[in-house]
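Numbering (this note's numbering), first residue to last: 1304 to 1371.
Rendered as structure tokens:
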């Protein structure tokens, strides 16, 4: 069985990978949408979603003693 520290480290690694994937998807979407003026609203919505995911993951990943 894995120790508590190993489980936390594994969970942090998974969340970091999710952040990297979301960041890459955001970069790709910005690249494809930057020259299309009619799609600016979509770009803002995607960026807002990515920001929400980052805020959520940072809250989950940060140990309680560091949040204050």
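Note that the Cβ used here is the ideal one computed from N, Cα and C, for glycine as well.
Separation of residue 1317 and residue 1329 (C-alpha to C-alpha, rounded to the nearest whole angstrom) is 18 Å. C-alpha of residue 1307 to C-alpha of residue 1315: approximately 12 Å in a straight line. Residue 1337: not part of any alpha helix (DSSP H); DSSP gives it neither H nor E.
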